Amino acid sequence: MASNSVLRERLERLNAIGIALSGETDINALMEHILVAAKSLVHADAGTLYRLQDDQLHFEIVMTDRLGVALGGTTGKAVPLPPVPLYHSDGTPNRNNVVACSVLEGRTINIADAYEAQGYDFSGTRRFDAANSYRSQSFLTVPLKNHEREIIGALQLINALDSKGETREFDAEDQHLVESLASQAAIALTNRALIESLQTLFESFIKLINLAIDDKSPYTGGHCQRVPALTMLLADAAAATTSGPLRDFQLNETERYELQIAGLLHDCGKVTTPVHVVDKATKLQTLYDRIGLIETRFEVLKRDAEIAHLRGELTHEAHVQLLAQYADDLAFLRRCNVGGEFMRDEDLARLHHIAGYRWRTPQGVDEPFLSNDELQNLAIRKGTLTDSERQIINHHIEVTIQMLESLPWPKHLRNVPEYAGGHHERMDGKGYPRGLTREQMSIQARIMGIADVFEALTARDRPYKHGMKLSQAMTIMARMVAEQHIDPDLFEVFLCEKVWLRYAESYLETQQIDAVDEEALRKLAGLA
1 MASNSVLRER
11 LERLNAIGIA
21 LSGETDINAL
31 MEHILVAAKS
41 LVHADAGTLY
51 RLQDDQLHFE
61 IVMTDRLGVA
71 LGGTTGKAVP
81 LPPVPLYHSD
91 GTPNRNNVVA
101 CSVLEGRTIN
111 IADAYEAQGY
121 DFSGTRRFDA
131 ANSYRSQSFL
141 TVPLKNHERE
151 IIGALQLINA
161 LDSKGETREF
171 DAEDQHLVES
181 LASQAAIALT
191 NRALIESLQT
201 LFESFIKLIN
211 LAIDDKSPYT
221 GGHCQRVPAL
231 TMLLADAAAA
241 TTSGPLRDFQ
251 LNETERYELQ
261 IAGLLHDCGK
271 VTTPVHVVDK
281 ATKLQTLYDR
291 IGLIETRFEV
301 LKRDAEIAHL
311 RGELTHEAHV
321 QLLAQYADDL
331 AFLRRCNVGG
341 EFMRDEDLAR
351 LHHIAGYRWR
361 TPQGVDEPFL
371 SNDELQNLAI
381 RKGTLTDSER
391 QIINHHIEVT
401 IQMLESLPWP
411 KHLRNVPEYA
421 GGHHERMDGK
431 GYPRGLTREQ
441 MSIQARIMGI
451 ADVFEALTAR
461 DRPYKHGMKL
471 SQAMTIMARM
481 VAEQHIDPDL
491 FEVFLCEKVW
501 LRYAESYLET
511 QQIDAVDEEA
521 LRKLAGLA
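Just so you know, we're using UniProt numbering here: the sequence shown kicks off at 1 and counts up by one.
Laid out in structure tokens, this is it:
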């Protein structure tokens, strides 16, 4: 029987253990803490913690001090033992196994000497002892019951030791203390498992959103995966910087997770963007590419020219010349239909000239060769989107912000809307949707801005362009620094720490990876 002072000390330790358990966030460390605390509390030489899953008790932590054995938990060493079934193959309860029996009956089993115990099969224990020159004697097996009285596992301690290090049986005080600890442990494990399951559910919803965007448009789906990856590459490089303006920037694991979630959700508003706008590969594309309609009109013009020739209204030379002109005009319109970086003034003038051709519809109506909408689209100077379509695309970031700001974020994720919603802002305040300046933006939001731009420049799965080579993309990025579009300090880290190359090696085609003149880029960006 322990003295009052010893019992008081044990109770104080039990209370301290309970406080420590409630603060542990890693479930493997939590399970290890539970077993170590239980062993220490009653001076047990060995112990095992089991978790119950699908009517089987799985070994999570195994420790035997005298043999120097420590498996599972944070050790990184898996427990090479099969789970203990609660029921035999014929469906009968496995009550001859002491751990299974404790869980099946929901009671503590205290055995003074396993070799003399009746009703339980300790043959495996005897084999272990013989192989390791060990003597397993006293056993204390306690089911882990949570606050709902559900059994979630078991805690088994082996060989209580007295003050001289000799094996003794577990007494009533030992059993009471371990049962109290087991109750606290079960609640802590249940809470941690619940938190992890909710986090898994939360992350699954995020993946579901990205899958929805991916299914809606395979072009943006890859973007939703690559931007978070590049964001974290740049964030880690910036956090590792020990000099310069970013030397004080640090990210702990919680802050990294927050930024990663923001990266995954940065384009969630695209679920509302019409797919024919997102996937607009050519200027004339709506639900289909309207260049086919124009090709048909040229066939009508060629038919009319043929009729005029047959009627003698058009000479042979004029007929041949007209057909050649139509063929050249069609080739020109096909080129116009493919979005480029810039459309020349002379090309615009020719486009308007062709638009003035007349043709007769199947209904016999004489109309301009190109409708106003077709002309407006073909006259787009850069890319494939009209101003109104660009506004529709840009609206996705407003929807993203609205969606994210409507959610009740926990404290450790409260910056997700700001990080995710700022990747289209500019350092000079000329970005959108809020016109924020560099000083009004967090470093994390600025990181996402660089990641979003570089991914878009090098992406090879866009319907309207080919992925740029590294040298071309980095040159554009350097110009964007000089134009106060993206952050200069972060770009210097991006450049000097070769974040661009690490990303390229994982996500770009081999032919996209070419030589990059870093010093020339620094000068172009105004960093030299």
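Just so it is clear, CB atoms sit at the ideal spot from N, CA and C, and this is done for glycine as well. Because the structure is a prediction, the values reported are computed rather than measured.
Proximity of residue i and residue j at Cβ, strictly below 8 Å
| i | j | result |
| --- | --- | --- |
| S138 | A172 | no |
| D487 | R446 | yes |
| L265 | H276 | no |
| A100 | V79 | no |
| V271 | I206 | no |
| G467 | Q402 | no |
| V69 | A238 | no |
| L323 | A305 | yes |
| G47 | A38 | yes |
| E258 | V399 | no |
| R290 | F369 | no |
| L71 | I151 | no |
| Q118 | L86 | no |
| E518 | A528 | no |
| M480 | V516 | no |
For residue i, the first and last residue of its enclosing alpha helix (DSSP H)
| i | result |
| --- | --- |
| E374 | N372 to L378 |
| R474 | With the sequence shown as reference, residue 474 is identified as Met, and Arg is not the correct amino acid for it. Run containing M474: L470 to A482, per the alpha helix (DSSP H) assignment. |
| residue 590 | Coverage of the chain is limited to positions 1 through 528, which leaves residue 590 absent and any answer about it impossible. |
| F170 | Note, F170: premise wrong, no alpha helix (DSSP H); not H, not E. |
| P488 | P488 to C496 |
| H58 | That residue, H58, is in no alpha helix (DSSP H); its beta strand (DSSP E) goes Q56 to T64. |
Whole-angstrom C-beta distance between residue j and residue i, which should lie under 8 Å
| i | j | result |
| --- | --- | --- |
| V178 | L35 | No, V178 and L35 are not in contact; Cβ-Cβ is about 11 Å, not under 8 Å. |
| D489 | L246 | 6 Å |
| I392 | T273 | 6 Å |
| residue 547 | G222 | Any answer about residue 547 is impossible in this case: the structure gives the chain only from 1 up to 528. |
| G339 | I380 | 7 Å |
| L67 | E60 | That pair is no contact at about 18 Å. |
| L284 | N377 | 6 Å |
| T458 | L501 | The Cβ separation is near 12 Å, so there is no contact. |
| L385 | K280 | 6 Å |
| N28 | G73 | 5 Å |
| L413 | I261 | 6 Å |
| D129 | S136 | 6 Å |
| Y503 | L233 | 6 Å |
Cα-Cα separation, residue i to residue j
| i | j | result |
| --- | --- | --- |
| A478 | L524 | 6 Å |
| V300 | W359 | 7 Å |
| I109 | L404 | 52 Å |
| I397 | H424 | 8 Å |
| R303 | R390 | 38 Å |
| K216 | H88 | 49 Å |
| T361 | L351 | 21 Å |
| L104 | D248 | 56 Å |
| D236 | L251 | 8 Å |
| C268 | H395 | 12 Å |
| N146 | G153 | 10 Å |
| T125 | Y115 | 9 Å |
| L348 | L198 | 57 Å |
| L30 | S506 | 36 Å |
| I187 | E148 | 9 Å |
| L140 | T200 | 35 Å |
| N372 | A308 | 28 Å |
| E346 | H353 | 11 Å |
| G526 | T242 | 22 Å |
| Q321 | F342 | 30 Å |
| R522 | C336 | 35 Å |
| E483 | L211 | 35 Å |
| T254 | A182 | 29 Å |
| D162 | T64 | 16 Å |
| T92 | D54 | 16 Å |
| V62 | E196 | 23 Å |
| S180 | V142 | 10 Å |
| Q175 | D214 | 56 Å |
| H485 | G431 | 8 Å |
Span of the beta strand (DSSP E) around residue i
| i | result |
| --- | --- |
| E367 | D366 to P368 |
| Y87 | Careful: Y87 lies outside any beta strand (DSSP E) and carries neither H nor E. |
| W409 | Taken as a continuous stretch (DSSP letters only), W409 belongs to no beta strand (DSSP E), as it is neither H nor E. |
| Q118 | No beta strand (DSSP E) holds Q118; DSSP gives it neither H nor E. |
| T272 | No beta strand (DSSP E) contains T272, which DSSP labels as neither H nor E. |
Beta-carbon proximity list for residue i, same chain, < 7 Å, skipping 5 on both sides
| i | result |
| --- | --- |
| E455 | H223, R226, V227 and L230 |
| D121 | N96 and N97 |
Below-8 Å beta-carbon distance, residue i vs any chain B residue
| i | result |
| --- | --- |
| R414 | The structure shown contains no chain B; it is built from a single protein chain. |
Same chain, Cβ closer than 6 Å to residue i, five either side skipped, listed in chain order
| i | result |
| --- | --- |
| D452 | V227 and H423 |
| R438 | M427 |
| A193 | none |
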